[in-house]
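Anchor point for the sequence shown: position 42 equals 42 in UniProt numbering, and the numbering is continuous, going up by one each time. Backbone N, C-alpha and C define an ideal beta-carbon position, used for all residues, glycine too. Quantities reported herein were computed from a predicted structural model and do not represent experimental measurements. One structure below.
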Amino acid sequence: MNASTVKKKQEPYWQMFLRRLIIMNVGLLVMAIGIRAVIGANMGASPWDVLHIGLTLHTPLTFGEANQLVGLPMLAVACWMAKSWPKIGTLINILMLGPYCDWIKPLIPLQTHWYGMVPQFAVGVVVMGLGVGIYIASQLGAGPRDWLMLSIHQKTGWSIRWVRTLIEVSAVIVGILLSGPFSIGTILFSLTIGHPTEWGLKWATRVFQPYVQRREWEHEIIH
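Now the structure itself:
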């Protein structure tokens, strides 16, 4: 009689990485749509985008380029504090989120009346939270701002809540000094973004979990 042995075989690593890369870019694109929807609602931008838009008012930079410019020094500081190199997802975040925001801009309307401003703002916050959830679910690394937050937390022992608050308040202050669009929407965004992000992460983790894991299957060998 022939004997058989069952062995487990894994797919090539690059196939798993490619799926994660696609998922991450989908998340970044969804984030960009949410960011542009919030800005186009004309109720005030998110804390970081107050800074990004403020930079565009005083330089020839586009919004996306300002996003990249702000991310680079944060990446450098986070690398220095963490004493490690960034993950590939952190670099792709810096490279791609800004251009996605610029590409999406012509497709998002600029609202001028409250009956358009409020719904677009609400949808933008939800969509951005969903995008963040999808991006994180790819498991390719945090964005530069989140990595800086984690690095400061690990270096100082301060709570993540206070570190995040300190960083975002600093960004808003600089953005206001640069005449960025700080308004009621900025405050509402800060108070509400956590809920759709939490929901988005739970949903994306459940949906994309099978695709971010390295697949394996049983392979029967006949002797």
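Original post:
If you draw a straight line from the C-alpha of Phe121 to the C-alpha of Ala41, how long is it?
Top reply: Taking the first residue of the sequence shown as 1, we reach residue 121 at position 121. Taking the first residue of the sequence shown as 1, we reach residue 41 at position 41. Computed Cα separation, rounded: 5 angstroms.
**OP:** Alpha carbon to alpha carbon, how far is Trp158 from Thr165? Give it in angstroms, no decimals.
**Re:** Along the sequence shown, one-based indexing puts residue 165 at 165. Along the sequence shown, one-based indexing puts residue 158 at 158. If I take the Cα positions, the gap works out to 11 angstroms.
Subject >> At least three beta-carbon pairs within less than 8 angstroms, the region 66-74 to the region 91-109 >> reply: yes
Subject >> Opening and closing residue of the alpha helix (DSSP H) in which Asn67 lies >> reply: Residue 67 sits at position 67 when you count from the first residue of the sequence shown. 63-82 is the span of the alpha helix (DSSP H), which, as asked, contains Asn67.
Original post:
With Gly129 and Trp199 assumed to form a contact (beta carbons below 8 angstroms), what rounded beta-carbon distance in angstroms separates them?
Top reply: Position 129 of the sequence shown holds residue 129. Position 199 of the sequence shown holds residue 199. Confirmed, about 7 angstroms.
Subject >> Tyr115, buried or exposed, once every other Cβ within 10 Å from all chains shown has been counted against 16 >> reply: On the sequence shown, residue 115 is found 115 positions in, with the first residue counted as 1. The residue is exposed, with fewer than 16 neighbouring Cβ atoms inside 10 Å.
Original post:
To the nearest whole angstrom, what separates the beta carbons of Ile104 and Ala45, a pair I think is in contact under 8 angstroms?
Top reply: Looking up residue 104 in the sequence shown gives position 104. Looking up residue 45 in the sequence shown gives position 45. Not quite, the Cβ-Cβ distance comes to about 15 angstroms (not below 8 angstroms), so this is no contact.
**OP:** Scan the region 123-162 and note each continuous alpha helix (DSSP H) run of 4 residues or more that stays entirely inside, going in chain order.
**Re:** 144-156
**OP:** Determine, using beta-carbon pairs with one atom in the region 80-93 and one in the region 178-195, whether at least three such pairs fall under 8 angstroms.
**Re:** no
Original post:
Can you tell which of Gly124, Arg145, Thr59, Pro119 has the C-alpha that lies nearest to the C-alpha of Ala78?
Top reply: Position 78 of the sequence shown, counting from 1, holds the residue named residue 78. Considering only alpha carbons, the answer is Arg145.
Original post:
Which residues bound the alpha helix (DSSP H) around His195?
Top reply: The residue you call residue 195 lines up with position 195 of the sequence shown. 194-212 is the extent of the alpha helix (DSSP H) around His195.
Subject >> DSSP three-state assignment for Glu216, whether helix, strand or coil >> reply: The residue you call residue 216 lines up with position 216 of the sequence shown. The answer is strand: DSSP assigns Glu216 an E or B state.
Original post:
Tell me which same chain residues have a C-beta within less than 7 angstroms of the C-beta of Ile108, skipping the five on either side of it?
Top reply: Sequence index remark: in the sequence shown, residue 108 carries index 108 (1-based). Cβ neighbours of Ile108 beyond the five flanking positions: Arg36, Ala37, Gly40.
Original post:
Residues in its own chain within less than 7 angstroms of Thr56 by CB, not counting five upstream and five downstream?
Top reply: For the purposes of this step, residue 56 is identified with residue 56 of the sequence shown, where counting begins at 1. Within the same chain, Thr56 has close Cβ partners Thr62, Phe63, Ala66.
**OP:** Compute the distance between the beta-carbons of Leu51 and Gly175, then report whether it is under 7 angstroms.
**Re:** Indexing the sequence shown from 1 puts residue 51 at position 51. Indexing the sequence shown from 1 puts residue 175 at position 175. Cβ atoms of Leu51 and Gly175: closer than 7 angstroms.
Original post:
Quick one: what's got a C-beta closer than 6 angstroms to Trp48's C-beta in the same chain, skipping five residues either side?
Top reply: Position 48 of the sequence shown, counting from 1, holds the residue named residue 48. Excluding positions up to five away in sequence, the list reads Ala171.
Original post:
Mind checking whether the beta-carbon of Trp162 lies closer than 6 angstroms to any heavy atom of the ligand PLP?
Top reply: Of the ligands one can find in the structure shown there are none, so the ligand PLP has no counterpart to examine.
Subject >> Minimum Cβ-Cβ distance from Leu140 to chain B less than 7 angstroms >> reply: Here there is only one protein chain, and chain B is not present.
Original post:
For Arg215 versus Ser138, is the C-beta spacing smaller than 7 angstroms?
Top reply: Numbered from its first residue, the sequence shown carries residue 215 at position 215. Numbered from its first residue, the sequence shown carries residue 138 at position 138. No.
Original post:
Taking Phe17 as the reference, which of Lys87, Lys83, His113, Leu201 has the closest Cα?
Top reply: Within the sequence shown, numbered from 1, the residue matching residue 17 stands at position 17. Minimum Cα distance to Phe17 is reached at Lys87.
Subject >> Through-space distance from Lys155 to Leu28, alpha-carbon basis >> reply: Here residue 28 refers to the residue found at position 28 of the sequence shown. Here residue 155 refers to the residue found at position 155 of the sequence shown. So the two alpha carbons sit approximately 28 angstroms from each other.
**OP:** Report all residues from its chain with a CB closer than 8 angstroms to the CB of Tyr13; omit the five preceding and five following residues, and keep chain order.
**Re:** For the purposes of this step, residue 13 is identified with residue 13 of the sequence shown, where counting begins at 1. So the list reads Arg214, once near-sequence residues are dropped.
Original post:
If you compare alpha carbons, which of Leu178, Leu177, His153 is closest to Ile167?
Top reply: Taking the first residue of the sequence shown as position 1, residue 167 is located at position 167. Checked all of Leu178, Leu177, His153; the closest Cα to Ile167 is His153.
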